[in-house]
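For reference, the structure is listed below as structure tokens.
Protein chains: 2
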Amino acid sequence: MKEITSQQQRVLDCIQIYLKKTGFPPTRADICRELGFKSPNSAETHLRALEKKGFISIESGASRGISVNNQNNSFGGDEYPVIGLVAAGSPTLAEENIERTINCPKSFFESGFDYFLKVRGLSMKDAGIMEDDLIAVKKTTDVKNGDIVIARLDDEVTVKFFNRKSSNIVELEPANEDFENIVINLESEQLHIEGKSVGLLRRN
Amino acid sequence: MKEITSQQQRVLDCIQIYLKKTGFPPTRADICRELGFKSPNSAETHLRALEKKGFISIESGASRGISVNNQNNSFGGDEYPVIGLVAAGSPTLAEENIERTINCPKSFFESGFDYFLKVRGLSMKDAGIMEDDLIAVKKTTDVKNGDIVIARLDDEVTVKFFNRKSSNIVELEPANEDFENIVINLESEQLHIEGKSVGLLRRN
DNA sequence: AAAAATACTGAATGTATGTACAGTATAATA
DNA sequence: TATTATACTGTACATACATTCAGTATTTTT
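Residue numbers (the working numbering), protein chains in the order written: chain A, 1 to 204; chain B, 1 to 204.
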């Protein structure tokens with residue numbers, strides 16, 4: 001890929017901004033309007049130069065037939081951290097807890113989400129959540145009974161069903177008969193809701 | 001957002017696949033070519049319906065002026081079909097079996113995969129596979145004992161553990177004590193392995 | 001010093017494309 | 001039962017657009 005000139009960079013930026021704004025590429029006239037050129041041929045020659053240098057491809061004859069040659073498609077998709085073992089006392093999203101990141105579209109899980117949590121143990125197995133599964137977590141404290149929540153109790157992070165019994169009593173319920181409910185009295189114990197599960201990802 | 005019809009869904013999918021492939025939206029004629037319509041007005045009316053229902057926006061007068069209204073501009077990934085109910089006797093990937101598509105990166109599941117299969121029933125619940133989960137399926141006949149396979153028996157598609165007992169006997173084992181093993185004698189019965197599970201996606 | 005690339009204006013042209021109009025037919029809705 | 005939405009074919013046409021040709025001027029490369 002050869003060197004790009006500053007004017008060609010302007011044209012390339014213009015194309016990408018236009019694409020993001022409208023969802024389709026600009027015409028020669030559009031580029032002229034955006035960049036103040038007075039002849040469509042100004043855009044044309046820049047496009048041909050960009051094509052020659054490999055930055056874009058042009059479908060001959062097709063209107064708006066410009067596509068940007070972005071091999072590293074960091075557009076749209078985002079990098080989401082995978083949280084593994086959470087060190088006691090450290091904030092969940094602290095860097096040392098991030099095992100790696102996964103690139104996936106923003107709204108891959110319907111309500112949007114913030115990170116993946118790697119599941120340890122089988123306390124939620126009857127809800128189809130197995131060891132090493134990745135739970136898509138949306139950071140929120142707005143949880144309803146029956147939601148699968150990511151909760152923090154004494155620096156211990158746990159995944160359970162949420163069940164508010166009364167204004168002061170919350171039960172965290174596993175989905176595995178070998179485990180017992182955790183009953184929390186909010187007056188005497190700290191319960192911090194990190195978020196709730198909005199999806200699950202498993203890779204064999 | 002109102003209900004979408006199956007034909008309108010086909011058109012919407014066509015637009016997104018075209019976008020992914022070329023980088024710009026299709027013309028009416030392109031859509032006709034892809035879907036077998038013979039009049040550009042067929043595409044036009046579908047586009048207007050999709051616009052009315054809010055799935056797309058159309059820039060009046062602009063060629064290829066279609067933009068898809070899903071908030072996530074998930075460029076870079078691929079569109080993977082979601083296979084729901086498989087009609088008896090029809091090939092799994094036949095168009096009428098495609099419920100919709102999901103955009104996700106190619107290498108989202110490590111060994112690559114070909115489509116998502118929507119799970120019916122709870123026969124694999126102890127393996128953490130619940131109803132309506134989406135199994136990432138890689139088309140292959142190269143399966144080992146213990147693999148979770150997608151198998152076809154008498155036009156019925158099923159997901160089970162694979163276990164070859166001998167050269168002629170294969171057992172398909174559920175992960176749910178309420179279900180029983182399926183024993184197949186390859187000499188007298190047809191067993192077609194569609195592929196194997198390489199991952200799982202669940203959306204709450 | 002000549003050639004090639006860059007950076008434009010301006011006009012012209014063929015065609016790619018959106019879009020309206022005229023039909024036909026079936027299913028869903030009021 | 002009338003009406004609207006869906007699902008098409010087919011023709012036609014104005015215009016949106018790509019693209020070529022003709023210039024001018026500056027900078028970079030050979």
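Ideal Cβ placement from N, Cα and C applies to all residues, glycine included.
{"query": "Given a cut-off of 8 Å on the beta-carbon distance, is the pair residue 124/A and residue 176/A in contact?", "result": "yes"}
{"query": "Alpha carbon to alpha carbon, how far is residue 148/A from residue 67/A? Give it in angstroms, no decimals.", "result": "42 Å"}
{"query": "Hey, would you say the C-beta of residue 158/B is under 7 Å away from at least one heavy atom of the ligand MN?", "result": "Questions concerning the ligand MN fall outside what the structure shown contains, since it holds no ligand whatsoever."}
{"query": "Taking the straight line between their C-alpha atoms, what separation do you get for residue 36/A and residue 22/A?", "result": "19 Å"}
{"query": "Tell me, to the nearest whole angstrom, how far the beta carbon of residue 204/A is from that of residue 197/B; I am working on the premise that it is less than 8 Å.", "result": "6 Å"}
{"query": "For residue 127/A, which residues in the same chain have their Cβ closer than 7 Å to its Cβ, ignoring the five residues on either side in sequence?", "result": "148, 175"}
{"query": "At a CB distance below 7 Å, what residues from the stretch 20–35 of chain B approach chain A? Give them in sequence order.", "result": "22, 23, 24, 25"}
{"query": "Any idea what DSSP makes of residue 196/B, helix, strand or coil?", "result": "strand"}
{"query": "Have a look at residue 50/A and residue 20/B and give me their C-alpha separation to the nearest angstrom.", "result": "21 Å"}
{"query": "Is DSSP giving residue 40/B helix, strand or coil here?", "result": "helix"}
{"query": "Note down the Cα distance separating residue 156/B from residue 61/A, rounded to an integer number of angstroms.", "result": "48 Å"}
{"query": "For residue 186/A, I'd like the list of residues in its chain whose CB is within less than 6 Å of its CB, leaving aside the five on either flank, ordered along the chain.", "result": "168"}
{"query": "Helix, strand or coil: how does DSSP classify residue 33/A here?", "result": "helix"}
{"query": "Judging by CA-CA distance, which residue of 113/B, 200/B, 118/B is the nearest neighbour of residue 158/B?", "result": "118/B"}
{"query": "Could you tell me the distance, in whole angstroms, from the CA atom of residue 54/B to the CA atom of residue 69/B?", "result": "7 Å"}
{"query": "Just checking my contact of residue 201/B with residue 122/B at CB under 8 Å: how many whole Å lie between their CB atoms?", "result": "Wrong, their Cβ atoms sit about 17 Å apart, outside the cutoff."}
{"query": "Go ahead and pull the three-state DSSP assignment for residue 123/A.", "result": "coil"}
{"query": "Nearest-angstrom Cα distance between residue 48/A and residue 28/A?", "result": "11 Å"}
{"query": "For the beta strand (DSSP E) that residue 117/B lies in, which residues bound it at each end?", "result": "115–118"}
{"query": "Looking at the strands, I want to know which residues DSSP matches up with residue 62/B.", "result": "Answer by DSSP bridge pairing: none, since residue 62/B is not bridged."}
{"query": "Alpha carbon to alpha carbon, how far is residue 130/B from residue 25/B?", "result": "37 Å"}
{"query": "Considering only their Cβ atoms, is the gap separating residue 151/A from residue 194/A smaller than 8 Å?", "result": "yes"}
{"query": "What does the Cβ neighbour count give for residue 103/B, buried or exposed, with the cut at 16 atoms within 10 Å?", "result": "buried"}
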